[in-house]
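Worksheet: the structure to be examined is printed underneath.
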Amino acid sequence: MHISFTKEEREFQQEARRFFAEKFPEDIKRKQDSGAVLSKEDYVRWQKIMYAKGWAAINWPTEYGGTGWTPIQMYIFSNEIARANAPDMLPFGVKMVAPIIYTFGSEEQKARFLPDILESNVWWCQGYSEPGSGSDLASLKMRADRDGDSYILNGTKTWTTLAHMADWIFCLVRTSTDVARRQEGISFVLVDMQTPGVTVRPIITIEGEREVNEVHFEDVRIPVNNLVGEEGKGWTYGKVLLQHERTNIAGVARSQNSLKRLKEKAAQTIHGGPALADDQNFARKIAAVEIDLKALEYTQLRTLAAVAVGKAPGPESSILKICGSEIQQELDALFMEAAGYFALPYVPDQYVIDFPEDERIGHGGETNTSLRYFNNRKASIYGGSNEIQKNIIAKHVLGL
Ligand SMILES: Cc1cc2nc3c(=O)[nH]c(=O)nc-3n(C[C@H](O)[C@H](O)[C@H](O)COP(=O)(O)OP(=O)(O)OC[C@H]3O[C@@H](n4cnc5c(N)ncnc54)[C@H](O)[C@@H]3O)c2cc1C
Numbered sequence: 009m010h011i012s013f014t015k016e017e018r019e020f021q022q023e024a025r026r027f028f029a030e031k032f033p034e035d036i037k038r039k040q041d042s043g044a045v046l047s048k049e050d051y052v053r054w055q056k057i058m059y060a061k062g063w064a065a066i067n068w069p070t071e072y073g074g075t076g077w078t079p080i081q082m083y084i085f086s087n088e089i090a091r092a093n094a095p096d097m098l099p100f101g102v103k104m105v106a107p108i109i110y111t112f113g114s115e116e117q118k119a120r121f122l123p124d125i126l127e128s129n130v131w132w133c134q135g136y137s138e139p140g141s142g143s144d145l146a147s148l149k150m151r152a153d154r155d156g157d158s159y160i161l162n163g164t165k166t167w168t169t170l171a172h173m174a175d176w177i178f179c180l181v182r183t184s185t186d187v188a189r190r191q192e193g194i195s196f197v198l199v200d201m202q203t204p205g206v207t208v209r210p211i212i213t214i215e216g217e218r219e220v221n222e223v224h225f226e227d228v229r230i231p232v233n234n235l236v237g238e239e240g241k242g243w244t245y246g247k248v249l250l251q252h253e254r255t256n257i258a259g260v261a262r263s264q265n266s267l268k269r270l271k272e273k274a275a276q277t278i279h280g281g282p283a284l285a286d287d288q289n290f291a292r293k294i295a296a297v298e299i300d301l302k303a304l305e306y307t308q309l310r311t312l313a314a315v316a317v318g319k320a321p322g323p324e325s326s327i328l329k330i331c332g333s334e335i336q337q338e339l340d341a342l343f344m345e346a347a348g349y350f351a352l353p354y355v356p357d358q359y360v361i362d363f364p365e366d367e368r369i370g371h372g373g374e375t376n377t378s379l380r381y382f383n384n385r386k387a388s389i390y391g392g393s394n395e396i397q398k399n400i401i402a403k404h405v406l407g408l
């Protein structure tokens with residue numbers, strides 16, 4: 009492995025650092041730093057600022073409006089955006105469906121969909137999982153039956169992140185059951201969420217937020233032109249996409265940023281008392297997670313070195329997904345420990361004695377800690393659960 013930054017790369021790092029310091033809106037930063045949930049308007053505003061800079065699609069080729077950056081530049085950018093604690097572009101459009109469209113889609117699809125994804129005018133969601141078809145995705149049952157120049161869709165997608173805010177959904181659907189392997193006969197289609205017969209129902213997650221949904225399709229008619237690539241080849245396209253999703257989930261730079269904030273929090277003292285950082289047991293836990301994070305960083309750099317010489321990310325991305333999500337969850341747990349009972353959600357009506365923020369003893373503003381802790385239980389499930397990633401490593405990396 010050989011990774012060291014050139015002069016140009018170091019200059020680029022400075023440019024990115026300046027950009028985030030100057031252009032990331034202060035009000036969104038405050039929300040983000042406190043762990044609050046950002047609104048759609050927040051995301052769109054920030055994404056349009058990145059678009060204006062030409063940095064909306066760091067992974068796209070320049071011919072479609074991407075940056076055309078090298079893997080090293082993308083790595084530097086990811087580190088800097090995490091360092092500023094600014095949100096990434098939402099993945100569903102720019103990182104997930106767009107690469108499938110520009111790689112396998114028709115010229116008409118590229119012209120129609122890519123500019124609006126780039127400019128954050130149109131939001132997408134991902135329709136893969138179904139009730140009963142999550143880990144065993146090839147068992148999916150949602151049908152797309154050909155009727156002249158249309159497909160008629162029937163079935164249900166579940167756990168669909170942000171479907172209630174999305175304008176379009178990309179789905180894996182079954183176009184044929186007359187196949188030798190279940191992975192055949194699956195196709196990749198694009199559906200306007202406003203099409204008659206599409207219904208979105210909320211799933212409220214453990215922390216009380218609406219992030220995921222069930223999406224029902226009842227006799228939904230879409231034009232055959234909304235098929236991406238060849239009919240029956242959706243599984244191949246979908247797999248390419250999942251490998252990218254897993255590499256993204258590693259979140260090394262974000263975890264490094266969290267670790268820094270955790271250390272700052274643990275070093276605080278309350279009313280002259282001892283700092284948590286001086287507690288040897290807590291210090292040992294921080295050291296353990298820091299060592300794991302360093303190891304993950306080097307694993308990611310090894311993957312990056314391979315990508316830099318032209319190799320596509322392979323099943324090794326499963327290792328990044330497992331370790332990355334475990335570290336994120338360990339950091340969440342340590343934040344909970346550092347915040348103590350102040351991490352409990354503050355719901356004024358439910359307190360017998362209501363005491364205002366400035367009269368409380370100890371740290372304030374910790375209530376998002378527990379929300380983030382509970383919300384992030386998802387990290388070891390989505391993008392393919394960690395158990396499934398272990399199966400992939402056993403089979404494709406270790407050859408067992
Ligand atoms: C917050 C959140 C957001 C999501 N967003 C989306 C989205 O936007 N779009 C989308 O399509 N999907 C999304 N998903 C779905 C996600 O991809 C699935 O939840 C995941 O693939 C697991 O499937 P499942 O929930 O059906 O669990 P199951 O497959 O039923 O698994 C249940 C348990 O059994 C284990 N298990 C299953 N099979 C095996 C095996 N062969 N060997 C060992 N262990 C096994 C699993 O690891 C898990 O612990 C999201 C999920 C969550 C939690």
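Sequential numbering from 9 applies to the sequence shown in the numbering used here. A virtual CB, placed ideally from N, CA and C, is assigned to each residue, including glycine. Owing to the predicted nature of the structure, the values given are computational and were not obtained by experimental measurement.
Residue i, buried or exposed, once every other Cβ within 10 Å from all chains shown has been counted against 16
i           : result
residue 214 : exposed
residue 219 : buried
residue 296 : exposed
residue 406 : exposed
residue 134 : buried
residue 319 : exposed
residue 216 : exposed
residue 110 : buried
residue 270 : buried
residue 80  : buried
residue 96  : buried
residue 301 : buried
residue 212 : exposed
residue 221 : buried
residue 392 : buried
residue 234 : buried
residue 242 : buried
Same chain only: Cβ atoms within 6 Å of residue i, ignoring 5 sequence neighbours per side
i           : result
residue 207 : 224
residue 21  : 84
residue 246 : 180
residue 100 : 132, 133, 134
residue 361 : Confidence at residue 361 is low in this model, with a pLDDT of 48, below 50, so its placement is unreliable and no value can be given for it.
residue 238 : none
residue 87  : 261
residue 290 : 284
Best match in the options for proximity to residue i [C-alpha to C-alpha]
i           : options            : result
residue 50  : 160, 33, 198       : 33
residue 119 : 89, 73, 320        : 73
residue 137 : 402, 389, 395      : 389
residue 249 : 28, 323, 347, 382  : 323
residue 36  : 262, 156, 210, 92  : 92
residue 143 : 404, 131, 399      : 399
residue 209 : 99, 164, 183, 131  : 164
residue 57  : 80, 31, 38         : 31
residue 52  : 39, 82, 131        : 131
residue 193 : 154, 222, 276      : 154
residue 160 : 221, 243, 299, 203 : 203
residue 62  : 90, 150, 113, 123  : 123
residue 166 : 178, 156, 261, 157 : 178
residue 188 : 82, 240, 232       : 240
residue 401 : 140, 327, 386, 391 : 327
residue 150 : 45, 39, 197        : 197
residue 383 : 288, 200, 169, 157 : 169
residue 117 : 40, 182, 199       : 199
residue 27  : 305, 158, 129, 89  : 89
Own chain, CB closer than 7 Å to residue i, minus 5 neighbours either side, in chain order
i           : result
residue 23  : none
residue 190 : 146, 147
residue 259 : 332, 336
residue 410 : Missing from the structure shown is residue 410; the chain here goes from 9 to 408 and no further.
residue 397 : 326, 329, 330
residue 227 : 160, 162, 205
residue 185 : 193
residue 293 : 342
Contact belief for residue i with residue j at Cβ below 8 Å, rounded distance in angstroms
i           : j           : result
residue 125 : residue 106 : 5 Å
residue 75  : residue 65  : 7 Å
residue 173 : residue 329 : So it is not a contact: roughly 25 Å between Cβ atoms.
residue 94  : residue 54  : 7 Å
residue 285 : residue 274 : 4 Å
residue 103 : residue 67  : 6 Å
Cutoff 8 Å; reference residue i; Cβ partners in own chain excluding five residues on either side
i           : result
residue 280 : none
residue 369 : Because the pLDDT of residue 369 is 48, which lies under 50, any placement of that residue in the model is unreliable, and the question is left without a value.
residue 127 : 56, 59, 64
residue 344 : 351, 377, 378, 381
residue 113 : 121, 236, 237
Beta carbon proximity, residue i to chain B, threshold 8 Å
i           : result
residue 387 : No chain B appears in this structure, which consists of one protein chain only.
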